[in-house]
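Encoded as structure tokens, the structure appears first; notes follow it.
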Amino acid sequence: MISTDFTPVPTVTAEEFRRVMSSVCTPVSVVTAFDDRRPHGTTVSAFASLSLAPPMVLVALDLGSDLLQIIRRTRRFGLNVLSADQSGLAMTFARKGADKFADVRWSADGDLPRLDGAAGWLACEVEQLIPGGDHVVAMAAVVAADHHERSPLTYHQRLFGTHAALPDGQ
Ligand SMILES: Cc1cc2nc3c(=O)[nH]c(=O)nc-3n(C[C@H](O)[C@H](O)[C@H](O)COP(=O)(O)O)c2cc1C
């Protein structure tokens with residue numbers, strides 16, 4: 021009989037894990053929410069599509085993220101999928117602080133802050149917040165979506181870039 025209560029002993033160092041993960045190319049997005057009337061945003065790469073019917077996404081947020089504390093209360097967030105010319109915004113929203121929107125062009129879309137010029141927009145309602153190590157996974161229903169045909173901002177080997185199709189497109 022196979023025992024199911026096996027707990028693996030971690031033998032992978034943080035450095036080894038980081039090295040592999042830095043070679044995984046990701047999209048770059050800014051998750052936004054209102055903290056009362058103040059817009060707040062955080063750069064994330066840990067964002068993925070979760071379900072098609074119903075449409076759902078997941079985002080992993082560090083336990084120390086101020087945005088996480090906001091969406092624990094508001095239970096909603098906007099997902100701004102950045103375009104290739106928005107690496108400056110990615111850095112702005114990777115800082116700590118309550119003033120990240122100071123020099124940023126944005127508008128209120130319903131009850132969520134929305135960045136100008138992003139390639140994609142998803143308005144999301146949190147269904148579950150699930151602990152995952154030193155992060156929390158937010159699983160959320162997508163209640164509005166919008167898209168502009170723009171090249172994506174990507175992150176790979178700690179550098180911003182964009183996607184290029186192979187010559188034969190295969
Ligand atoms: C390219 C990039 C990707 C990032 N991805 C994530 C992520 O997926 N989850 C996360 O919690 N933080 C991520 N961060 C770090 C946060 O943006 C950063 O810790 C930020 O200061 C948190 O802000 P807050 O405390 O206002 O939420 C990323 C940063 C960069 C530059």
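Here the sequence shown is numbered in my numbering, starting from 21 and rising by one per residue.
Just so it is clear, CB atoms sit at the ideal spot from N, CA and C, and this is done for glycine as well.
Sequence-distant residues of its chain with Cβ nearer than 8 Å to residue i (five each side left out)
i, result
"Gly98", "Val51, Thr52, Ala53, Asp129, Leu132, Pro133, Arg134, Trp141, Leu142, Ala143 and Cys144"
"His176", "Ser42, Ser43, Val44, Cys45 and Thr46"
Any non-hydrogen atom of ligand 1 closer than 6 Å to residue i Cβ
i, result
"Ser107", "no"
"Val64", "yes"
"Ala122", "no"
"Ser85", "yes"
"Ala118", "no"
"Asp82", "yes"
"Ala114", "yes"
Cβ neighbours of residue i in the same chain (closer than 6 Å, five flanking residues each side left out)
i, result
"Asp82", "His155"
"Asp166", "Trp141"
"Arg125", "Asp136"
"Phe37", "none"
"Phe121", "Pro59"
"Ala104", "Ser171, Leu173 and Thr182"
As assigned by DSSP and simplified to three states, the class of residue i
i, result
"Glu147", "strand"
"Gly189", "coil"
"Ala110", "helix"
"Val156", "strand"
"Gly130", "coil"
"Val124", "coil"
"Asp166", "strand"
"Val101", "strand"
"Thr174", "strand"
"Gly117", "coil"
"Gly137", "coil"
"Ala161", "strand"
Own chain residues within Cβ distance below 7 Å of residue i, not counting five before or after
i, result
"Gly49", "Note that residue 49 is Ser in the sequence shown here, rather than Gly. For Ser49, where only same-chain residues beyond five positions count, the Cβ hits under 7 Å are Val64, Phe67, Leu99, Asn100, Val101 and Leu102."
"Gln148", "Met159"
"Val157", "Leu78, Ala80 and Ile150"
"Pro74", "Ala161"
At what residue ranges does the segment 31 to 99 contain a whole run of the alpha helix (DSSP H), taking only runs of 4 or more?
If only uninterrupted alpha helix (DSSP H) runs of at least 4 residues are considered, those enclosed by the segment 31 to 99 are 34 to 42 and 86 to 94.
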